[in-house]
Every structure is written in structure tokens, then in C-alpha cells.
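Using the numbering used here, the letters of the sequence shown map in sequence onto residues 81 to 250.
For each residue, glycine too, the CB sits at the ideal point set by N, CA and C.
In what follows, a structure is listed as C-alpha cells, so that the remarks can point back to it.
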Amino acid sequence: MKTNNIVFIGFMGVGKGTVARALVKRSDYFAVDTDDLIESLENKSVKKIFKHEGEKYFRALEKKCALWCEKNLQNTIISTGGGFYKQENINNIGTVIYLQSDFNRIIEALKLAPNSKKKFKKRPLLKDLKEAKKLYDVRIKEYEKVSDITINVEDWDINRITKEILQKVN
Ligand code: S3P
């Protein structure tokens, strides 16, 4: 079934949610975020789910969310958590777009963001930047493998990025 959904994958902090919101303004798509869906389902932040129930439990919620997205969404941009790409059905949900950026650029941009502290605090896997870099090195190859389209977002030119995405999906 053609769902006409767009699924954004990519590393933590690369800007999946921001690009999704910018695209909504320039198109007829609606948008949802898998972390937001999980947080509302559990009535708990991702940070607290990691802390109290553990990562395995969080990944099981991502699976539930992935199955729900496949069954229920159309014409929607789905921004996902950085580990959501592992869901087996991800390519059934929609066109998978990998938002790509260099690790140091992601971290520097997060450090410069107005609510920087919060952005780091809410991401348990960004606590230790050495470990995060290792995760990044493993994941960049995997993101490429599952994606249909790769968009480099390093220049952070939102007009160019959204234009390129719309051109490529249409
Ligand atoms: C994770 C990324 C987070 C969130 C959770 C785990 C990951 O989302 O889902 O902390 O495994 O990379 P963002 O990519 O929006 O930071």
C-alpha cells in the first residue's frame, strides 16, 4: 500500500523534528514524532522511561509505535528517535529519509542552541560523548542501509533542505 508517509531517521540532535515542522509549513503533510507518541502513551518522558524501565522496554515501545504507524498513518511526516531505524517494518511505513550530519557539527549545534542544557539532559544516550561517538560510527552505516534517500543537513539551510526533500519524494 502506498502510504505517502515520510520517515525521518538520523542521529540524536540532527534536527529530524525541526525539519519535519518546516516541511509541514511548506506542504499538505501532517507530522508526528515517535518519541512524543511514546511519551504520551506512557505519560512519562523518554528520559524517565530509560531510567525507570530501561532501554529494552523503550525499544519495545518503539516497536509498538512502528506497527501502529504502519497501520494507521497516511500523508504524514514521521520524525523518529535515533534508534527507531532498527524497526523491521520501517520501510513499510513510508519513504525513509536519512538526515545526515557530521558528529561534531551535531554536538556543536546542540551546545549553541538556546535551550542547550535541556537538549542534552533529555537524551540519556548523549550523556557520555565518547560513547555517543561510538554509537554514531556504528549507526551511520546502518542509517544508509535502511534509507531510500539521504539528505545532508550540515549547512542547516532549511529552505534548501525542505525543497530538496519535496523534489525527491514527489
Ligand atoms: C535515541 C534517540 C532519542 C530517543 C532516545 C533514544 C537513540 O531521540 O528516542 O533517547 O537511541 O538514538 P532523538 O533522536 O530525537 O534524540
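Taking 7 Å as the cut-off, the C-beta of V249 does not count as close to any heavy atom of the ligand S3P. DSSP places L179 in the uninterrupted beta strand (DSSP E) bounded by T175 to Q180. Look at V218: its beta carbon is at least 7 Å from all of the heavy atoms in the ligand S3P. Here S227 really is in contact with V176; their C-beta atoms are around 5 Å apart, less than 8 Å. Here Y223 is buried. Its C-beta has 16 or more other C-beta atoms within 10 Å. In the three-state DSSP reduction, D113 falls in the strand class (E or B). Assigned with DSSP and collapsed to three states, V226 falls in helix. Judged by pairs of C-beta atoms under 8 Å, the segment 176–191 touches the segment 86–99, as three or more such pairs exist.
Inter-residue distance for G134 and E211 is about 17 Å (C-alpha atoms, whole angstroms).
When C-alpha distances from N171 are compared across K221, I229 and K214, the shortest belongs to I229. DSSP, read as helix, strand or coil, puts N250 in coil.
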